[in-house]
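Asker: Can you keep this structure in mind? I'll have questions shortly.
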């Protein structure tokens, strides 16, 4: 604990010496929302493998539930108005539309997870195809960057 | 559906012409388990940001539930004995130990998610620190690779 306090104090001292180009907390905010969006990306890819028949569907329901849970966390991570990463400035300049669509995404994926738990796999898949229309939002609000080498 | 069948048939024909160095399904198997392990990585990182106090804890319970759900899917993704990716050969040569530890991980994170939903955030955090001992298994079973540039 003392070590941690010393470290934090050193960082605070250092921060006063550096130009304020990027605030450390801005980077944290961007990293956090990227952890969430990357989770959606990984889970959608896993789901895609199951839907294409290359991977058995044992985990189908769990993937759909994971996507729904993660969707429920996404909007909160964009609330701080910190531009950067893969988010276009339109996220905040068109916030009413962005937040409406994010809420709809959370709602639709929650319904999808409910169907997955309570009904057949076929019905779950149909609802997933309806809920996971990622591209329409990404076209408007995401500027995909190449991964650093 | 017809298009898909044509495509599959073309791939099957192509496969007979190619050297059988890597079977396509082996790559799919490796990709699938990496989607799952990457999800755990992203969610653990998001959780770490909350525990260190840099990100508000609004999504704490959802992150813990997501980790538990994903942990429940992990063992299945290693069942096909396909070496490669970041998995060491020991995953399969020491399968009884590996699978036991994966099952314990799933069980402990499920308890953690239950505590998170039913009890206080402090208790949830304590159970998370107990359940998420990723390093001990990674030291034994994972060979981390540099990401391709």
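Chains as they are written, first to last, in my numbering: chain A, 1 to 149; chain B, 1001 to 1149. Think of the CB as a built atom: it goes at the ideal place given N, C-alpha and C, for glycine as much as any other residue.
Going along chain A, which residues have a C-beta under 7 Å from residue 1129/B?
Answerer: For this step, residue 1129/B is matched to residue 129 along the second chain. In chain order: nothing, as chain A lies at least about 15 Å away.
Asker: Measure the CB-CB distance between residue 79/A and residue 145/A and report whether it falls below 7 Å.
Answerer: Taking the first chain and counting its residues from 1, one reaches residue 79/A at position 79. Taking the first chain and counting its residues from 1, one reaches residue 145/A at position 145. No, these two residues do not count as a Cβ contact at 7 Å.
Asker: What's the call for residue 109/A, buried or exposed, on a 16-neighbour Cβ count within 10 Å?
Answerer: In the first chain, counting from the first residue as 1, residue 109/A sits at position 109. Buried, by the Cβ-count rule.
Asker: What would DSSP say about residue 48/A, mapped onto helix, strand or coil?
Answerer: Within the first chain, the letter at position 48 stands for residue 48/A. The answer is helix: DSSP assigns residue 48/A an H, G or I state.
Asker: In chain order, what residues of the same chain have a beta carbon less than 7 Å from the beta carbon of residue 1099/B, not counting five sequence neighbours either side?
Answerer: One-based indexing of the second chain puts residue 1099/B at position 99. Closer than 7 Å at Cβ, skipping near neighbours: 1075.
Asker: In chain order, what residues of the same chain lie with their CB nearer than 7 Å to the CB of residue 82/A, ignoring the 5 residues before and after it?
Answerer: Sequence index remark: in the first chain, residue 82/A carries index 82 (1-based). The answer, listed in chain order, is 26, 29, 30.
Asker: Check whether the Cβ of residue 69/A lies closer than 7 Å to any Cβ atom in chain B.
Answerer: Walking along the first chain from the start, residue 69/A turns up at place 69. Closer than 7 Å to some Cβ of chain B, the Cβ of residue 69/A qualifies, so yes.
Asker: Under 9 Å Cβ-Cβ, which residues of chain A neighbour residue 1099/B?
Answerer: Position 99 of the second chain, counting from 1, holds the residue named residue 1099/B. Here the premise fails: no neighbours, minimum Cβ distance about 15 Å.
Asker: Using DSSP bridges, identify the partner residues of residue 1084/B.
Answerer: Within the second chain, numbered from 1, the residue matching residue 1084/B stands at position 84. For residue 1084/B, which the question treats as bridged, DSSP gives the partners 1087/B.
Asker: Quick check on the burial criterion: 16 or more other C-beta atoms within 10 angstroms. Buried or exposed for residue 77/A?
Answerer: To locate residue 77/A, count along the first chain from 1; it is residue 77. Buried: at least 16 other Cβ atoms inside 10 Å.
Asker: Leaving aside the five residues before and after residue 1049/B along the sequence, list all residues of the same chain whose C-beta is less than 6 Å from its C-beta, in chain order.
Answerer: Numbered from 1 along the second chain, position 49 holds the residue referred to as residue 1049/B. Only 1055 meet the Cβ criterion.
Asker: Apart from the five residues just before and just after residue 39/A, which ones in its own chain have a Cβ nearer than 7 Å to its Cβ?
Answerer: Taking the first residue of the first chain as position 1, residue 39/A is located at position 39. Within the same chain, residue 39/A has close Cβ partners 70.
Asker: Taking C-beta to C-beta, are residue 64/A and residue 113/A nearer than 7 Å?
Answerer: By one-based count along the first chain, residue 64/A stands at place 64. By one-based count along the first chain, residue 113/A stands at place 113. Yes; because the gap between Cβ atoms is below 7 Å, this pair is in contact.
Asker: Does the Cβ-Cβ distance between residue 43/A and residue 73/A come in under 7 Å?
Answerer: By one-based count along the first chain, residue 43/A stands at place 43. By one-based count along the first chain, residue 73/A stands at place 73. Cβ distance not < 7 Å, so residue 43/A and residue 73/A don't count as in contact.
Asker: Given a cut-off of 7 Å on the beta-carbon distance, is the pair residue 91/A and residue 141/A in contact?
Answerer: Residue mapping note: residue 91/A aligns to position 91 of the first chain, counting from 1. Residue mapping note: residue 141/A aligns to position 141 of the first chain, counting from 1. Yes, the Cβ-Cβ distance between residue 91/A and residue 141/A is below 7 Å.
Asker: May I have a chain-ordered list of the alpha helix (DSSP H) segments no shorter than 4 residues that lie completely inside the segment 33 to 79 of chain A?
Answerer: Entirely contained in the segment 33 to 79 of chain A, the alpha helix (DSSP H) runs reaching 4 residues are, in chain order, 60 to 78.
Asker: Could you tell me which of 1117/B, 1101/B, 1115/B sits nearest to residue 1136/B, measuring between CA atoms?
Answerer: Here residue 1136/B refers to the residue found at position 136 of the second chain. Nearest C-alpha to residue 1136/B: 1101/B.
Asker: With respect to the alpha helix (DSSP H) encompassing residue 1101/B, which residues constitute its N-terminal and C-terminal limits?
Answerer: Along the second chain, read from residue 1 onward, the residue named residue 1101/B stands at position 101. 1095 to 1118 is the span of the alpha helix (DSSP H), which, as asked, contains residue 1101/B.
Asker: Hey, would you say residue 1121/B sits closer than 7 Å to residue 1060/B, going by beta carbons?
Answerer: Position 121 of the second chain, counting from 1, holds the residue named residue 1121/B. Position 60 of the second chain, counting from 1, holds the residue named residue 1060/B. Yes, the pair counts as a contact, with Cβ atoms nearer than the cut-off.
Asker: At the level of alpha carbons, what is the spacing between residue 107/A and residue 1093/B?
Answerer: Within the first chain, numbered from 1, the residue matching residue 107/A stands at position 107. Within the second chain, numbered from 1, the residue matching residue 1093/B stands at position 93. Going from the Cα of residue 107/A to the Cα of residue 1093/B covers about 44 Å.
Asker: Find the residues of chain B that neighbour residue 28/A, judging by a C-beta separation of less than 7 Å, and give them in chain order.
Answerer: Reading the first chain from its first residue, position 28 is the one you call residue 28/A. Neighbours of residue 28/A on chain B, chain order: 1049, 1054, 1055.
Asker: Which residue marks the beginning of the alpha helix (DSSP H) containing residue 123/A, and which one marks its end?
Answerer: Your numbering for residue 123/A matches position 123 in the first chain. Here the alpha helix (DSSP H) through residue 123/A covers 121 to 131.
Asker: Can you list, in chain order, the residues of its chain with a C-beta nearer than 6 Å to that of residue 1131/B? Leave out the 5 residues immediately preceding and following it.
Answerer: Your numbering for residue 1131/B matches position 131 in the second chain. So the qualifying residues of the chain are 1108, 1109, 1112.
Asker: So which residues of chain A does residue 1076/B contact, with C-beta pairs closer than 9 Å?
Answerer: Mapped onto the second chain, residue 1076/B falls at position 76. In chain order: 56, 58, 59.
Asker: Assuming residue 1045/B contacts residue 35/A under a Cβ cut-off of 8 Å, what Cβ separation, rounded to an integer in Å, is found between them?
Answerer: As a working mapping, residue 1045/B is identified with position 45 in the second chain. As a working mapping, residue 35/A is identified with position 35 in the first chain. Yes, they are in contact, since the Cβ atoms of residue 1045/B and residue 35/A sit about 5 Å apart, within 8 Å.
Asker: Take residue 1096/B and list the residues in its own chain whose beta-carbon comes closer than 8 Å to its own, dropping the five residues that flank it on each side.
Answerer: Taking the first residue of the second chain as position 1, residue 1096/B is located at position 96. Cβ neighbours of residue 1096/B beyond the five flanking positions: none.
Asker: Listing by chain order, which chain B residues have their CB less than 7 Å from the CB of residue 72/A?
Answerer: Your numbering for residue 72/A matches position 72 in the first chain. Simply 1062.
Asker: Alpha carbon to alpha carbon, what distance is there between residue 1138/B and residue 1037/B?
Answerer: Numbered from its first residue, the second chain carries residue 1037/B at position 37. Numbered from its first residue, the second chain carries residue 1138/B at position 138. About 11 Å.
Asker: Taking residue 1104/B as the reference, which of 1052/B, 1133/B, 1053/B, 1143/B has the closest Cα?
Answerer: Sequence index remark: in the second chain, residue 1104/B carries index 104 (1-based). Closest option to residue 1104/B, Cα to Cα, is 1133/B.
Asker: Starting from residue 45/A, find everything on chain B with Cβ-Cβ shorter than 8 Å and list it in chain order.
Answerer: Within the first chain, the letter at position 45 stands for residue 45/A. Within 8 Å Cβ-Cβ: 1031, 1035.
Asker: How would you list, in chain order, the residues of chain A whose beta-carbon sits under 7 Å from the beta-carbon of residue 1122/B?
Answerer: Along the second chain, one-based indexing puts residue 1122/B at 122. Per Cβ cutoff of 7 Å: no residues; residue 1122/B is ~16 Å from chain A at best.
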